[in-house]
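K.L.:
Pasting a structure below so you can have a look.
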Amino acid sequence: MPTSTQQPTFYQRLREKMRRRIKTPTVLQMEAVECGAAALGSILAYHKKFVPLEELRTACGVSRDGSKANNMVRAARSYGLLSQGISTEPETLRVLRCPLIIHWNFDHFVVIDDFVGDKVYLNDPAVGPRVVSAEELDQSFTGVVLTFDKGPDFQAGGTKPNIRAALRRRIRHSEIALIFAILVNLTLIVPNLLLPVFARVYVDLVLQQGLLGWMPLLLLGMIATALLRALLTWLQQSVLLRLETKLDITNAARLVWQTVHLPMSFFLQRSAGDISARIDLNNRVAQLLSGEMATTLLNLILLGFYALIMLAYDPYLTLIVVACAVVNVVVLRYVARRRIDASLRMVQEQSKLASTAYMGLQNIEMLKSSGAESDFFSKWAGYQANVINSTQRLAALTEVVSVIPLSLTALANAIVLLWGSASVMDGAMSVGMLVAFQSLTNSFLAPLNQIMAVAGELQEAEALIVRLEDVFNYGAVSTSAESPSPTQTDKLSGQIEIRNLQFGYSRLDAPLIDGFSITIKPGSRVALVGSSGSGKSTVARLIAGLYEPWSGDILLDGTPRGALPKELVAHSVAYVDQDIFLFEGTIRANLAFWNDVVPDQAIVAAAKDAQIHATIVERAEGYAG
């Protein structure tokens, strides 16, 4: 009888290797606190239930402290999965049904895709798929595992993240320019097809038959073709450049507009450096759409024309060249998933690095006063090392996509030359036809190689699109009632009434503020006193409209805050944050927010009310400093 410690037989190992390994789709977290929600998103996507990350954040109760395992179980059950959380040992994980979610190093959630031999395949929301050893699993597993299976109420659905749909939305209202560029490229086919004809005429008629009278016409035709090709190329690139500028401006404006209208919950768990870096990502996407992506559409058209012309010359040679093209596509498909995951990981690490550098420079005074320069540098260097490592991993996969097309191009040319030479000796093809076909081969493979390169960049662009769509998928905050803009005299009297206010940062946890009521008369002052974290600042943010209460009413002059015009509320309610930042410029510009219409008397009066007028006038340049 075999024992539990008996080594697997050769056939058992072979059967295990031949078994198709479980692979869950990659859902990367945008911030560290989202690991649980992203891991659950991978599980749901594996079962063909596609749920946006922002919805999962709410379902899992993601807060400033992350998400809890019991909340993740409740969220999974709400989507129809049979889920439970258990405490177990690492060796027991192999008998559970994959995929699983485990707690990792006491501060992270990862997905176990499968076990193959001594290897454990993980889908890490922080970095994407990776492989660890059984020893590393034993060291990092903290004993908590979440299991999942389809329940009777489970229904597949949702929309699978589609980069093509996102790209189409970005080129909306720019279709005419793109179509014009395609038409110009179609016209470029004419001079490109004339070059092989000129080569055939020169070899067959001028070199072999000595018909020198063809030379002037041949040279004139080649010069005219070159000029036409240069003109059409200039026209094409000019249109694409204008398209890039338009996409850059419109999409950047749309991104910033959407960002400033997002609720405060979006900004609480995302760093300022990460959000600002997305504008640069938007510029890169605009370059891809107007440059590489547009050129790819044009090259696809060229491939079809070149293939038809080559078939007219020699079907067998055409099949050889097309076979090389098919190998290119197979290689691209093979590395596609790995490159997408590597790209997502690289963009993630770059955002962390930019955010760390931004926050460090922003708090440089604190770093210097506390002597924390070395600690900051160590943290920055760690993120820099992660960026370099992720870039190198992506570069290794990119080399495969780059080298294979070049190698296959050389191989195709060699085969065409050998096969064509044999056909020339058999009399089935002239030397001029062979030269023309070889020119067509290069013309066919050149756009194909460009398509391969752009396909690789498109996989990298998917990582950029994911971070940009995070902004657009997040619901914008609802504005107050619309009304004409108030005049300077339109202002609330100042009465604030709060009735049975309830609010918290996670709806799956107990509310931070529950049943809070207060009435503040116009002209009176109220101080909220309590320990740190008791909700004093939160109440102020709720009154200012930065947060929306779970329940209860906030009345300004007896009217619910949401029913008042936005401009009237902004003109009547002022909010001073705990963190004070000044923009570059004069004190007057900061106080008036660059509104030259505001009179100096009003600025001085406001400064006196805030009791900072004396401090300002003591400065050398006063309000102009």
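In the working numbering, the protein residues as written are 102 to 726. All C-beta atoms in this analysis are idealised placements derived from N, C-alpha and C, irrespective of residue type, glycine included.
#1: If you reduce the DSSP assignment to three classes, tell me which class R446 lands in.
#2: Just to confirm the assignment: which complete alpha helix (DSSP H) runs, minimum length 4, are found wholly within the region 171–224?
#3: Taking three-plus beta-carbon pairs below 8 angstroms as touching, is the region 590–597 in contact with the region 619–637?
#4: How would you call E466, buried or exposed, if buried means at least 16 neighbouring beta carbons within 10 angstroms?
#5: Which of the three DSSP states is assigned to N601 in this structure?
#6: Could you tell me whether the Cβ atoms of I203 and F255 are closer together than 8 angstroms?
#7: Of the residues A138, A413, L389, A146, which one's Cα is nearest the Cα of D344?
#8: Please name the residue or residues paired with P230 in a DSSP beta bridge.
#9: Please specify which runs of the alpha helix (DSSP H), each continuous and at least 4 residues long, are wholly inside the region 119–169, giving them in chain order.
#10: If you follow the beta strand (DSSP E) that S618 is part of, which residue opens it and which one closes it?
#11: Whole angstroms are fine: how far does the CA of G142 sit from the CA of R568?
#12: If you compare alpha carbons, which of G181, N206, A227 is closest to L727?
#13: If you compare alpha carbons, which of E474, R689, V221, G605 is closest to Q240?
#14: Which residues bound the beta strand (DSSP E) around T639?
#15: Using 10 angstroms around the beta-carbon of Q712, count the other beta-carbons present and answer buried if the total reaches 16, otherwise exposed.
#16: Beta strand (DSSP E) containing V674: first to last residue?
#17: Take the Cβ of P317 as the centre, count every other Cβ of all protein chains shown within 10 Å, and call the residue buried at 16 or more, exposed below.
#18: With the cut-off set at 8 angstroms, would you say G181 and G137 are in Cβ contact?
#19: How should N293 be labelled, buried or exposed, when 16 other C-beta atoms within 10 angstroms of its C-beta is the threshold for buried?
#20: When you compare only the Cα positions, how much space is there between A523 and I324?
#21: When the Cβ atoms of the region 674–688 are set against those of the region 602–617, are three or more pairs found closer than 8 angstroms?
#22: Does the Cβ-Cβ distance between Q337 and A426 come in under 8 angstroms?
#23: Does the beta-carbon of Y417 have 16 or more other beta-carbons within 10 angstroms, so that it is buried, or is it exposed?
#24: Measuring CB atoms only, is the region 348–365 touching the region 443–451, in the sense that at least three cross pairs come out at less than 8 angstroms?
#25: When the Cα of D654 is compared with those of F617, L287, S635, S184, which residue comes out closest?
#26: Give me the residue from S540, L154, A235, F210 with the minimum Cα distance to L194.
#27: First and last residue of the beta strand (DSSP E) that includes T248?
#28: Quick check on this structure: which residue in I380, I187, N206 has the alpha carbon closest to the alpha carbon of L197?
#29: Where do the N-terminal and C-terminal ends of the alpha helix (DSSP H) with G653 fall, by residue?
#30: Identify whether G405 lies in helix, strand or coil by the three-state DSSP scheme.
#31: Count the other CB atoms within 10 Å of the CB of N352; is the residue buried (16 or more) or exposed (fewer)?
#32: Bridge partners of G472, per DSSP?
#33: Among L329, L348, G405, which one has its Cα closest to the Cα of V291?
#34: Give me the DSSP bridge partner(s) of G258.
#35: Helix, strand or coil: how does DSSP classify P666 here?
#36: Just the Cα atoms here: how many angstroms apart are K169 and S635?
P.N.:
In short, the structure shows the following:
#1: R446: helix per DSSP, three-state reduction.
#2: The DSSP assignment places no complete alpha helix (DSSP H) segment of no fewer than 4 residues inside the region 171–224.
#3: As far as the Cβ criterion goes, the region 590–597 touches the region 619–637, which means the pair count is three or higher.
#4: It is exposed - the Cβ of E466 has fewer than 16 other Cβ atoms within 10 Å.
#5: Strand.
#6: No. Outside cutoff.
#7: Note that residue 344 is Leu in the sequence shown, not Asp. Closest option to L344, Cα to Cα, is L389.
#8: Residue pairing by DSSP places P230 opposite N224 in a beta bridge.
#9: Within the region 119–169, the complete alpha helix (DSSP H) runs of at least 4 residues are 136–147, 154–160.
#10: For S618, the enclosing beta strand (DSSP E) starts and ends at 614–621.
#11: It is roughly 16 angstroms from the alpha-carbon of R568 to the alpha-carbon of G142.
#12: Look at the range of the chain in this structure, 102 to 726, and you will see that residue 727 is not part of it.
#13: The shortest C-alpha separation from Q240 is found at V221.
#14: Judged by DSSP secondary structure, T639 falls outside any beta strand (DSSP E) and instead within the alpha helix (DSSP H) spanning 637–645.
#15: Note on Q712: under 16 other CB atoms within 10 angstroms of its CB, so exposed under the neighbour-count rule.
#16: That residue, V674, is in no beta strand (DSSP E); it is neither H nor E in DSSP.
#17: Exposed: under 16 other Cβ atoms inside 10 Å.
#18: Going by C-beta atoms, G181 is not nearer than 8 angstroms to G137.
#19: Result: buried.
#20: Here the alpha carbons of I324 and A523 stand approximately 33 angstroms from one another.
#21: The region 674–688 is not in contact with the region 602–617.
#22: Cβ distance not < 8 angstroms, so Q337 and A426 don't count as in contact.
#23: With fewer than 16 Cβ atoms within 10 Å of its Cβ, Y417 is classed as exposed.
#24: No: the two stretches stay apart, fewer than three of their Cβ pairs being nearer than 8 angstroms.
#25: Ranked by how close their Cα comes to the Cα of D654, the residues F617, L287, S635, S184 have F617 in first place.
#26: Per the Cα distances, A235.
#27: That run of the beta strand (DSSP E) goes 242–251.
#28: Residue I187 is the option with its Cα nearest to L197.
#29: Element bounds for G653: not the alpha helix (DSSP H) but the beta strand (DSSP E), 652–657.
#30: Three-state result, G405: helix.
#31: In this structure N352 is buried. Its beta-carbon is surrounded by 16 or more other beta-carbon atoms within 10 angstroms.
#32: Among the bridge pairs identified by DSSP, G472 is matched with none.
#33: The shortest Cα separation from V291 among L329, L348, G405 belongs to L329.
#34: According to DSSP, G258 bridges with K150.
#35: In the displayed model, P666 falls within a strand according to three-state DSSP.
#36: K169 and S635: Cα-Cα distance of roughly 21 angstroms.
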